[in-house]
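*Asks:* According to UniProt numbering, the sequence shown is numbered sequentially starting from 1.
Glycine residues also receive a C-beta, built at the ideal position from the N, C-alpha and C atoms.
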Amino acid sequence: MFDTTDTSKKKFLENTRIERERRETERIQTQLTQNQTTAALKIQSWWRQRIQKTKAQSQCWTWWDTAMASDLTLLDFYQLLGLYCFLTRNRPSDSVRLKTIVKHLTNNKLAHPTSHLQLPYYVLLIDMRYMMQARRYLEEVIMKCIIQCTDIHSDHTSFGPELTLLLQYLNPKTYQTKRVLDRSYVIDIPDKVLQSVAQSILRATICQCNFLRESFIVCVQKIIQLQDRKTPETAKIQAMKLWLTTMTRLTLYPIEHAELSSDALDMETASRFLWTNTLSVPYIASLINDMMVDRLRKWALGAITPYFLVSGYQDEHYQSLGGNGCLFLLANLIDLWNNPNNTLRSEQEMRLVEIVKSFLAFIIPCFSDRQSPQYPHYHPVFRWSQCNWGNNLPFNVYDKVIKQIEYIWSRPFMDQVFANIIRFDSSQYILENNQRRRLSFNNTQYIRRKSLQQQQNNNITIFSIETESIFSMYTQLTCMFKTHRKVIFYRIAFTAQLMPQLWKVMNHFGPEGNMTIYLSAAKRSDIDQEPLVQVLKVFCEACSIVFLTLDDVDIFTHKKPFSPNDLIDISSFLNSFYFLLIQQHTSIPTELPAAAESFRSARRLLLQIYDLDLHHPFCPPNHWLLVSSMTTGMRSFFNSLINSLNNNHHSTTTTGLHEVTNTSIAANASNKRLSNSSASLFLSNLRQGDPVPLRILQLMPHTVSFELRLKIFRDWVALDRTLTPKTVSRYIAVRRDHVLEDGFEALSCLPVSAWKSTIRVTFVNELGMEEIGIDQGGPFKDFLTMMISEAFEPNVGLFSATKQNSFYPSATSSVHGKNHIQLFEFIGKVIGKALYEGILLDVQFTRFLLARLLGRNVFLEELKELDEEVWRNLTFIKRYEGDVEDLCLSFEADEEIFGKIESHELKFNGRNTPVTNFNKVEYIYLMADYKLNQRAKEQTKAFIHGFRTVISESWIRIFSPPELQRVLSGEDTDFDIYDLRKHTQYENGYFDHHPVIRLLWQIVSELSSAEKRAFLKFITGCPKPPLGGFAYLQPAFTIRMVSTDASTPDVDGVKLVKSFFKLNINKAGRLPSSSTCFNLLKLPAYTKKSLLKDKLCYAINANSGFELS
């Protein structure tokens, strides 16, 4: 058809394509036009219909409004009500017309169609002609009123008519059959039917509303916000409270009429409705009026709480509310209980305890301190939550809820709930036991005996269960409200007579008494399963708080709250109890057994009593030592250590706690040194096997003798030396008159390993020349002692001294500039280095600073050492029987700093918080805490950090504060001359029986105590002997013969022979001198005892001290 070379083919195809596309475009356009036309017709039709419908509705409403304004009969109103329901169906209700409907329904004065009678609307509910529609119309109106009243965007203040209608038509008691419309159409049994219909209306309306709680919560939030304003809007708040009270009344109708007819709700459903919609609204019980509180309390405490305590479906009830809902419900129950009109409040406090326990058991697991998939929602109080609702409420709402719950740890409730414990009479219990024993065994008396015994056992069992419930509840509260933990335990602790009485009560627990149930439980890993264990936990926690404010007068004079004998019993039990806990097996050896971890308060209390016994001994000898009831590895370890102390190996059999074997007593009395192999065996056991020895040394070191612990400490240090990487010795040069300054610049930046390595010192004299000599340890020791001496000089201002010349960090150290905190850290490292090297220091630390080094808390009694006047004033306040407010004190501390008085608040707004009889103990606690812990907090923290850089905290925790002072400074007693002589070395011709040496030891033995200390300080730099004897003095004490002629320091040749034969008769000559860094005494060979004594006494009293060789 086409030539292959002709281009017409392409044109033909192109034209065809274009024509096809044109036709398709025309088709689409035609279809679109048709669719648009159809749509326009439909829209016009719909619009015309809408206009007609709107016009018709408008006409209907116009007619309806006109009709409603005229006089209406009951049937007229019935028809108009039907039209209203038809016109408003599925549409928002018109509030004005709704109010018109409501007014006609509530006045109950609708005219009878054929007579002059006035009838209520509900008579139609028993008329067979109208009852079905009349009921439906009424239910629709009630629902519209509920929806309008509970609109969360409303102000909750303008619904008077609607609320009136709800109060009237939701109350089945309103429906009475006094008059009827037409008796010929009245249904059979009208009274019963009308009540049944009323119940059905109640079920079909308000009981179906699952949005009530949300509206209640919004109203509560608004009220709290208005109350928190500086100028609260009282009228608006009262209107909202009235709305809340009215709505609460409506939610009570279902439970008040539950199970009264076949159409009524069952009690469980009605109760669930009330706790879901009303009682789970936060803080609602504190906002409704007193009359409604009485009604709500009747049902809340009487009908609802059993479902959460004894119901088999209680978990389902808790789950339906969630953690926040249960928290709000619990707070409202407590608030209802706390109301003055509650007659049960003073009689059945244990019922409230059980309620709180049951709720907290579910609430606590609903919250966590850490976010996780199980706790995805942020919570304003408890941080993270698994609850589905309530997490977004503001903090001020939760603050009000917590204030409701605070009643549980208020003083009135605690006094009430602890009353039976405080009144507990152990003598009566013992008397009744004795009476049972005296009964003879004839049949009648045997029956009486068994009956009395059974009754007594039942009484003590019930009492113990109630006591456990109380303290379990408070334990739960401290876990739930961690920020209130201190307050709760504080109030328990200072409940008058509670602690001593609780100790008596616990001693009667169990069939055997005497705390045996706790000692038996301590041998098991599941001690928390012991039913009465929470009582012991709270006792230990609260007692440890009480001890923070006690002084010697309280215990040893007034014998309150405990007598010394009581404390002996308590400490004996705790010593045995915790000793058993730490011996339990753990899967990870380095971990503390869970039981011991949960009873840290028991250890804390035990150490407080131990510290009391240290500074005011009252316990019998060996009271604290426990060397029995150990694991096999533990027993073999201690036996090896004890055997090294005692040459006579005694075999003893240990049978139980509380025993102190003859071997241990002998070990404690022995003065012989421990062998290196014993401590090495201990360290080997620690690294390879039983972890119990380390636990005992770290947690209960007082159960091991001080001599054993000192040896172990020294071996720990020796082991650390071998494990520390070897580094090149550090060489520093310091000026003798600027030791602290130069030492700080040279050593402050050294790493930890360098502090544990060798540091060599070269002194620079006043001319700037380095002194000749090689540091082999002596100059460094002298450098440390000189630097520490300078740092603790009062005029330096880093440390302050007490009247007993004990030192503590100065709060005014800032005079040294911004580096003063680094200075404290450096001095801490220097003290640690001295201890690490075994160099004794001639410095006495305050007891409270030593306690802080050991990681212990310090409070009132230690304040006596720091500031006796403040301590005396605080103890006066503590015992003041009048009104403390008369003293005009507030929670602030005034002190003079550089001539200027500065004030420090002891707590938030303390300046405006007066000290009263109620809070005076808190004031004493805070004032002591400020003086001892807060005043120089940063300086003390830096000092401790520096010290622990060199000396591990775990090493020194095996000592008490006085023992740590002994380790740092040596024994605070006169030294043993025999021991010193035994470990003395001689040079240049002296020997032990040299005539001059014999004279020297005679003279030293005749010195007074003060002169002996001066002599020891003269030769070693420290007036106290080393712990364990002079065998541990490094380097060993050496006496070197020197010439009596000051111009001839060396002694050799003929002069040595003359010295031996006493041919030197120079009476003037040189004085004895020393090199304390080498523990070296350079003693001239004097010929007469009197001359030697005069020269020696002059030298030691003149403090001739260090002298270059």
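#1: Quick one: using the 10 Å Cβ neighbour count with 16 as the cut-off for buried, is E862 buried or exposed?
#2: Which class does T73 belong to by DSSP, given the choice of helix, strand or coil?
#3: Reducing DSSP to helix, strand and coil, say where M414 ends up.
#4: Near L1096, which residues of its chain fall below 7 Å by C-beta distance, leaving aside the five closest residues on each side in sequence?
#5: Report the residue from Y925, T276, K357 whose alpha carbon sits nearest the alpha carbon of S469.
#6: Could you tell me the distance, in whole angstroms, from the CA atom of M240 to the CA atom of Q227?
#7: So, L75 versus P113, is the Cβ gap smaller than 9 Å?
#8: Starting from the Cα of residue 1113, find the closest Cα among Q31, M1041, T150, L854 and give me that residue.
#9: Where do the ends of the alpha helix (DSSP H) carrying R203 lie?
#10: Between L767, F216, I609, Q386, which has its C-alpha nearest S372's C-alpha?
#11: Which one of I152, T157, T174 has the shortest CA to CA distance from V123?
#12: My assumption, with CB atoms under 8 Å, is that L1027 sits in contact with V967. Please give the rounded CB distance.
#13: Could you tell me which of E530, D127, F824 sits nearest to S748, measuring between CA atoms?
#14: DSSP state of T157, grouped into three classes?
#15: Just to confirm, is the Cβ distance from Q57 to S93 under 9 Å?
#16: Taking C-alpha atoms, which residue in V381, Q34, Q195 lies nearest to C366?
#17: Under DSSP, the beta strand (DSSP E) around I759 begins and ends at which residues?
#18: Along the alpha helix (DSSP H) that carries residue 1119, what are the first and last residues, could you check?
#19: Straight-line CA distance for G160 to D294?
#20: Determine the DSSP secondary structure at P995, reduced to helix, strand or coil.
#21: On a CA-only basis, which of V921, S813, W755, K781 is nearest E793? Give me that one, please.
#22: Would you list the one or two residues that DSSP bridges to L1083?
#23: I'd like the span of the beta strand (DSSP E) that includes E233, first residue to last.
#24: Of the residues P561, D188, A733, W384, which one's Cα is nearest the Cα of E745?
#25: With DSSP as the reference, please indicate the residues paired to F845 in a beta bridge.
#26: By DSSP, does P593 sit in helix, in strand, or in coil?
#27: Going by other Cβ atoms of all chains shown within 10 Å of its Cβ, with 16 needed for buried, is Q374 buried or exposed?
#28: Where does L606 sit, in a helix, a strand or coil, going by DSSP?
#29: Just mark R714 as buried or exposed, buried being the case when its beta carbon has 16 or more other beta carbons within 10 Å.
#30: Rounded to a whole number of angstroms, what is the C-alpha to C-alpha distance between F947 and Y318?
#31: When DSSP labels each residue in this structure, what does E896 get in the three-state scheme?
#32: Could you tell me how far apart the beta carbons of F489 and I545 are, in whole angstroms, since I believe they sit closer than 8 Å?
#33: Who pairs with Q118 in a beta bridge, going by DSSP?
#34: Going by DSSP, what residue range makes up the alpha helix (DSSP H) through A331?
#35: Judging by CA-CA distance, which residue of V141, S115, F86 is the nearest neighbour of H104?
#36: Could you give the distance in angstroms between the alpha-carbon of D425 and the alpha-carbon of L605?
*Replies:* Checking against the coordinates, here is how it stands:
#1: In the assembly as shown, E862 is a buried residue. Its beta-carbon has 16 or more other beta-carbons within 10 Å.
#2: T73: strand per DSSP, three-state reduction.
#3: Helix, per DSSP.
#4: So the list reads I1003, P1072, once near-sequence residues are dropped.
#5: Of all alpha-carbon atoms in Y925, T276, K357, the one lying nearest the alpha-carbon of S469 is that of K357.
#6: Their backbone Cα atoms lie some 12 Å apart in a straight line.
#7: Yes, these two residues count as a Cβ contact at 9 Å.
#8: The displayed coordinates of the chain run from 1 to 1109. Any statement about residue 1113 would go beyond what the structure contains.
#9: Start and end: 190-204.
#10: Of the candidates L767, F216, I609, Q386, the one whose C-alpha sits nearest the C-alpha of S372 is Q386.
#11: Measuring C-alpha to C-alpha distances from V123 to each of I152, T157, T174 identifies T174 as the nearest.
#12: Yes, they are in contact, since the Cβ atoms of L1027 and V967 sit about 6 Å apart, within 8 Å.
#13: Nearest option by C-alpha distance: F824.
#14: T157 falls in the coil class under three-state DSSP.
#15: Not a contact, by the Cβ cut-off of 9 Å.
#16: The closest CA to that of C366, considering only V381, Q34, Q195, is found on V381.
#17: Going by DSSP, I759 is part of the beta strand (DSSP E) stretching over 759-764.
#18: The requested residue 1119 does not occur in the structure, where the chain is confined to residues 1 to 1109.
#19: Distance between the alpha carbons of G160 and D294: 23 Å.
#20: DSSP places P995 within a helical segment (H, G or I) once states are collapsed to three.
#21: Among V921, S813, W755, K781, the Cα nearest to that of E793 belongs to S813.
#22: L1083 has M1041 as its beta-bridge partners, per DSSP.
#23: Unbroken run through E233: none, as it is neither H nor E.
#24: Of the listed residues, the one whose Cα sits closest to E745 is A733.
#25: Under DSSP, F845 takes part in a beta bridge, and its partners are F807.
#26: Residue state, collapsed to three classes: coil.
#27: With fewer than 16 Cβ atoms within 10 Å of its Cβ, Q374 is classed as exposed.
#28: If DSSP states are grouped into helix, strand and coil, L606 belongs with the helices.
#29: With 16 or more other Cβ atoms within 10 Å, it is buried.
#30: Cα to Cα, F947 sits roughly 53 Å from Y318.
#31: DSSP places E896 in strand when its eight states are reduced to three.
#32: Indeed they touch by this definition, with Cβ atoms about 6 Å apart.
#33: Residue pairing of Q118 in beta bridges, as defined by DSSP: A111.
#34: Taken as a continuous stretch (DSSP letters only), the alpha helix (DSSP H) holding A331 covers 314-338.
#35: The shortest Cα separation from H104 among V141, S115, F86 belongs to V141.
#36: About 25 Å.
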